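Numbering (the numbering used here), first residue to last: 4 to 396. Before any comments, here is the structure.
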Ligand SMILES: *Cc1c(COP(=O)(O)O)cnc(C)c1O
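Structure representation (structure tokens):
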């Protein structure tokens, strides 16, 4: 019965153009990558889909750091943080992250996690229990949605600060958490973080910001979206991922010391899982140093030039086709074509020309909002952008 049921469900997805295909890379993450298709055919594709925004994922300096980390620490942590898996490599990484976020969160301390998904579950379940109330942006990432589901607090959704304000006024919950992506990942636009923080401060609430796509890309030293906007408050709980612009893996929460202590004591996704390998923490600390230094500055400047070039080209293209180009502050660019079949056909035709640009479809985005989602990396060249625009035209 189970197998029949699954076969039916999968056939329905396929019929709705919602089937997703696993493609297997056979070379490292880079603008040109070898990819094996489901039929076994292998070829080099021009990649416009990774989140490796600074182009650090295959950087030889980080490969060396990984090897050095493994020489020093071995490959496994052996246990969860609270048992015996917590090492000086994790502490050094957390301190570097706390220093990076110090301009945003006064007295920031940081705690590292194995993935952003787990960091989001941790924050929302540890802080959103009992008599708390969660106010969540409607476009939040799936991991924040799942965290809100797991938390026992009631959840209210909002689209805009104007919609949120009366909800906060009407809530008598003693603990109010406003929860939002900093950069909405399916089109790259920034959340109204300044307005949301002002509301948090006016209504005795806290602002939880998931900066998966802003960290490393936006702000001085790549400190992220909050730093980019010049925001600073003790009421901020900043979450960042380390597998996107930082190029490695993992995530962190930076916040008031008591919040961090509470997560260490209470957050099940922190406590009941094996600590990430210390060699990985070491590599991530080196990556963070690159991202926050002059090398990172140069990469961000190049990326900004590429973003402007691509957005200008896409604007012309969108106007010609009657498609909508989403405004963006980041290397994420979304050309909204509407129905699933059109998006899929466009992505397939680009793939035939050697470009990997994913078609993003429901449930990742709303019905009728299927899109081509193009992401840029600092390892792309201006010629890469021009070639893509030409192929799209
Ligand atoms: C990628 C992403 C996550 C999950 O981070 P991982 O480290 O990949 O688990 C969380 N939130 C947002 C907005 C993301 O884009």
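Don't be surprised by glycine CBs; every beta carbon is placed ideally from N, CA and C. Note that the structure is a prediction, hence the values are computed from the model and not measured.
I need the DSSP call for residue i, collapsed to helix, strand or coil.
i: residue 45; result: strand
i: residue 397; result: An answer regarding residue 397 cannot be provided, because it is not within the stretch 4 to 396 covered by the chain.
i: residue 146; result: helix
i: residue 305; result: helix
i: residue 26; result: coil
i: residue 327; result: strand
i: residue 158; result: strand
i: residue 249; result: coil
i: residue 336; result: strand
i: residue 163; result: coil
i: residue 60; result: coil
i: residue 117; result: coil
i: residue 87; result: helix
On the DSSP bridge list, what partners appear for residue i?
i: residue 212; result: 183, 241
i: residue 37; result: 47
i: residue 341; result: 373
i: residue 193; result: 186
i: residue 256; result: 114, 242
i: residue 137; result: 158, 180
Would the beta-carbon of residue i fall within 8 Å of that of residue j?
i: residue 171; j: residue 146; result: no
i: residue 159; j: residue 187; result: no
i: residue 212; j: residue 249; result: no
i: residue 229; j: residue 245; result: no
i: residue 359; j: residue 57; result: no
i: residue 278; j: residue 80; result: yes
i: residue 222; j: residue 231; result: yes
i: residue 310; j: residue 330; result: no
i: residue 91; j: residue 104; result: no
i: residue 395; j: residue 320; result: yes
i: residue 215; j: residue 209; result: no
i: residue 167; j: residue 197; result: no
i: residue 26; j: residue 40; result: yes
i: residue 236; j: residue 200; result: yes
i: residue 70; j: residue 255; result: no
With ligand 1 as the reference, list in chain order each residue whose Cβ lies under 6 Å from any of its heavy atoms. Selection output, chain order preserved: 118, 119, 120, 123, 144, 146, 184, 188, 213, 215, 216, 244, 246, 254.
Is the stretch 82–98 close to the stretch 256–275, with three or more CB pairs under 8 Å? Enough Cβ pairs lie closer than 8 Å, so yes.
For the stretch 128–144 against the stretch 277–294, do three or more pairs of beta-carbon atoms, one drawn from each stretch, fall closer than 8 Å, so that the two count as touching? With the cut-off at 8 Å, the stretch 128–144 and the stretch 277–294 do not touch.
Does the pairing of the stretch 153–169 with the stretch 127–134 give three or more beta-carbon distances under 8 Å? They touch, by the three-pair rule.
Evaluate the contact criterion for the stretch 32–48 versus the stretch 375–390: three or more CB pairs, one atom per stretch, below 8 Å. Judged by Cβ distances under 8 Å, the stretch 32–48 makes contact with the stretch 375–390, as three or more pairs qualify.
Contact between the stretch 187–197 and the stretch 335–349 (3+ Cβ pairs under 8 Å): Look at the beta carbons and you see the stretch 187–197 touching the stretch 335–349: at least three pairs across the two are nearer than 8 Å.
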